[in-house]
Amino acid sequence: MELEAAKMLGAGIAIGLGAIGPGIGEGIAASKALEAIGRNPEASGKIVPLMFVSMAIAESTAIYALVISLIILFG
Amino acid sequence: MELNISLAPDILFYIGSLPVTNTLIGSFVISVVIIAAMLLVKKRLKKDTPGKFQNLVEFLMSGSYDFVVSIIGSEKKAKKIFPLAFTLFIFILVANLATFIPGQAAVTFNREGESVAIFRAVMADYGMVFVMTMITVILVQIVAIAVHGPFGYMGKFFNFKSPLSFFLGLMDIVGELAKIVSLSFRLFGNIFAGEVLGSVMLFLAPFFVPLPFLFLGLLSAVVQAFVFAVLTVVFVKLASEIEEEELVEEASM
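First to last, the sequence lines map onto chains G and P. What the first sequence shows, in the working numbering, is residues 526 to 600, in sequence order. What the second sequence shows, in the working numbering, is residues 5 to 257, in sequence order.
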């Protein structure tokens, strides 16, 4: 396999696999937050910012994978 | 047309041996704009009937101050951390939103025959993001040492009570180091990926197709500015708490 083709494959596999976990995790966070807002709509002002922060933390591994694949592609 | 994507910012010219990049120019322009706007508000400060812009600034300031108080839990601590957190927030927000001003990508600089864009997304330069992250991380270490004392703080990492707590203490060191990576790569990765996605979409289909991606970029521009500032506040809050909660640190990774 040529080096260029291997790089492309590596970048694709890295971001593809890295996005699975955070995708599931953020989905769980959003569904639980919506559930909580459904139970208690007055608390949405408190729940939504916290949801964004926790989603951003759950996103970390996807961002690592993204940066790795960007470095492979353009670095 | 050729796709032109690079991780490092483009160098416009040199002052002595200091390379002046397009992100450096961009960050200076944004700083000047923010400072000028704030001075203008201060000069025209009206008590009885505030203008539109003063209203907006007051709304942003008081809303974020109340939010910081609600996170950190005490008015005294909030007064100390609010200036840093709000500065980070407003700087990242303006820098991210400035990339959506149309026509700025056409302003180029001719350097040795090739044209280089003068403005580039400031947060898509890893150096800038890394400096802001180091400010936050060093501040968190200083706060933790000031609260726990130097030996108390070291005792959190080197715990000889049992093999398990010794191992957990070592893992806390990794957790502190991981903060640098995760905090900086989150902002950098989101903004840079947004730029790359936007330019790839413009390259593939120039009309209407990039619009949803631009909207997504607008959302992430605001959310990432918010998240960076809020994580700064949360880290400082965790570091400034007196209770010895060892597992809390792991949750903050």
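Note that beta-carbon positions come from the ideal geometry of N, C-alpha and C, so glycine has one too. None of these values were measured; they are calculated from a predicted model.
- The beta-carbon distance between residue 188 of chain P and residue 134 of chain P, rounded to whole angstroms, is 5 Å. This is short enough to meet the 8 Å contact definition.
- For residue 126 of chain P, there is no enclosing beta strand (DSSP E), as DSSP gives it neither H nor E.
- Within the stretch 568-594 of chain G, 571, 574, 577, 578, 581, 582, 584, 585, 588, 589, 591, 592 place their CB atoms closer than 8 Å to a CB of chain P, listed in sequence order.
- The CB of residue 596 of chain G comes closer than 8 Å to the CB of 11 in chain P, given here in chain order.
- Look at residue 596 of chain G here: in three-state DSSP terms it is helix.
- Against chain G, the CB of residue 186 of chain P has a partner CB under 7 Å away; the residue lies at that interface.
- The beta carbon of residue 190 of chain P falls within 7 Å of a beta carbon belonging to chain G, placing the residue at that interface.
- The bridge partners DSSP lists for residue 18 of chain P are P:23.
- Note: residue 115 of chain P is bridge-paired with P:118 in the DSSP secondary-structure output.
- Across the structure, residue 143 of chain P and residue 150 of chain P are spaced so that their CA atoms are roughly 10 Å apart.
- Around residue 67 of chain P, no beta-carbon contact reaches into chain G at under 7 Å, the shortest distance being about 11 Å.
- With a threshold of 7 Å between beta carbons, residue 150 of chain P makes no contact with chain G.
- If you ignore the 5 residues before and after residue 220 of chain P, its C-beta comes within less than 6 Å of no other C-beta in its own chain.
- Under the three-state reduction of DSSP output, residue 52 of chain P falls in the coil class, being neither helix nor strand.
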